[in-house]
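Enquirer: This is the structure, below, for whatever I ask next.
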Amino acid sequence: EIELEHLQTELATSVRLHDILKSEIQRTQDSLPYLTHKVQDLELEAH
């Protein structure tokens, strides 16, 4: 019984961490176009 509860807790934690990672990856992907544009602007300024 305790073993099962422990496994359920671990699973819930894993799912939560997975969701956090998914949203972090999405946030990073969403910011990529802006960052790419920013880098291109900086490269133009450097020349």
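The sequence shown runs 73 to 119 under the numbering used here. We treat Cβ as the ideally placed atom computed from N, Cα and C, and that holds for glycine. These numbers come from a predicted model, not from an experiment.
1. Return the first residue and the last residue of the alpha helix (DSSP H) that His109 is part of.
2. If we ignore side chains and look at the alpha-carbon of each, how far apart do Leu114 and Leu104 end up?
3. Ordered along the chain, which non-local residues of its own chain (more than five positions away) have a Cβ less than 8 Å from that of Glu96?
Expert: By the coordinates alone:
1. Numbered from 1 along the sequence shown, position 37 holds the residue referred to as residue 109. 74-118 is the extent of the alpha helix (DSSP H) around His109.
2. Numbered from 1 along the sequence shown, position 42 holds the residue referred to as residue 114. Numbered from 1 along the sequence shown, position 32 holds the residue referred to as residue 104. Each residue's alpha carbon lies about 15 Å from the other.
3. In the sequence shown, counting from the first residue as 1, residue 96 sits at position 24. Result list for Glu96: empty, nothing under 8 Å.
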